[in-house]
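Engineer: Take a look at the following structure, please.
In the numbering used here, the protein residues as written are 2 to 257.
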């Protein structure tokens, strides 16, 4: 009896040690993930400069970043989801440029810098601007994929979707939705290939606008410097942004 009791106590201690070990391991993994997610690619100085208001665009720095045209009656708003582990401020140059053309533009600050944790964040922005009649949502890389998920699960809410070096998941088929879509990618992208984009077209409406930026890469959809795994761009960041802006205005004109 005493031997049996001793064996049971030893087994309980062994099991407890295993549980403690598993718990500690999970906590370390979780802590490592949080540290990884909370050390995003930082905006370059030119991006920070775009956070300043001008006589054309008023910039409001809240939890999210708002770029508000000082003189606009377009009635169209734009919501941008950042790429994974990219500081939202890195998209300020493009947001400022879009707002400068007369469109309210908002960059969402995602939890842990990953849009997958709050893919429907754009829905909180809509009621804040009742004067905006039409909304267009999209984003870069993971941000674009999550914007596509938002559109897929909320049909009829958004008039347009833009995908910057991005594509929807196979479960987020938008083929049958009545929405204007623009997908933009760079020929030198080392993270989202032309094949990825071409394969994704089966998930998008037939009239999708497709723009290939010759010489563009993945990181230059924002302004945060080189990105691991990406290829070197053959054009400048300014040239790539200019082409993105032209494509975006084409999309916004199409939904207006």
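Where is the CB? At the ideal position from N, CA and C, for every residue including glycine.
Which residue's Cα is closest to the Cα of residue 232: 216, 131 and 161?
Structural biologist: Ranking 216, 131 and 161 by Cα distance to residue 232 puts 216 first.
Engineer: Looking only at DSSP bridge pairs, what is residue 212 linked to?
Structural biologist: DSSP output for residue 212 lists 185 as bridge partner(s).
Engineer: Kindly indicate which three-state DSSP category residue 59 falls into: helix, strand or coil?
Structural biologist: In the structure shown, residue 59 sits in a strand (DSSP, three-state: E or B).
Engineer: Alpha carbons only, please: which of 180, 49, 121 and 142 is nearest the one belonging to residue 194?
Structural biologist: Of the listed residues, the one whose Cα sits closest to residue 194 is 142.
Engineer: Decide if the region 198-218 is in contact with the region 158-175; the criterion is three or more beta carbon pairs, one per stretch, under 8 Å apart.
Structural biologist: Touching, per the Cβ criterion.
Engineer: So, with DSSP's three-state summary, where would you put residue 69?
Structural biologist: Reduced to three states, the DSSP call for residue 69 is strand.
Engineer: Which ranges would you report for the beta strand (DSSP E) in the region 206-257 if only whole runs of at least 3 residues count?
Structural biologist: Listed in chain order, the complete beta strand (DSSP E) runs (minimum 3 residues) inside the region 206-257 are 210-214.
Engineer: Please return the same chain residues whose Cβ sits closer than 6 Å to the Cβ of residue 152, not counting the five positions on each side in sequence.
Structural biologist: Only 159 and 162 meet the Cβ criterion.
Engineer: Out of 198, 180 and 179, state which residue places its alpha-carbon closest to the alpha-carbon of residue 188.
Structural biologist: The candidate whose alpha carbon is nearest that of residue 188 is 198.
Engineer: Exposed or buried, what is residue 35 when buried is set at 16 or more other beta-carbons lying within 10 Å of its beta-carbon?
Structural biologist: Confidence at residue 35 is low in this model, with a pLDDT of 47, below 50, so its placement is unreliable and the value that follows should be read with caution. That one is exposed.
Engineer: Would you kindly check if the distance between the Cβ of residue 108 and the Cβ of residue 70 is under 9 Å?
Structural biologist: No; because the gap between Cβ atoms is not below 9 Å, this pair is not in contact.
Engineer: Which runs of the beta strand (DSSP E) spanning at least 3 residues fall entirely within the region 143-197, listed in chain order?
Structural biologist: Runs found: 161-165 and 181-187.
Engineer: Rounded to whole angstroms, how far is the Cβ of residue 225 from the Cβ of residue 44, which I believe are closer than 8 Å?
Structural biologist: At roughly 6 Å, the Cβ-Cβ gap stays under 8 Å, so residue 225 and residue 44 are in contact.
Engineer: Determine the direct distance from the alpha carbon of residue 56 to that of residue 130, and round the result to whole angstroms.
Structural biologist: If I take the Cα positions, the gap works out to 21 Å.
Engineer: Could you spell out where the alpha helix (DSSP H) holding residue 99 opens and where it closes?
Structural biologist: Here the alpha helix (DSSP H) through residue 99 covers 93-101.
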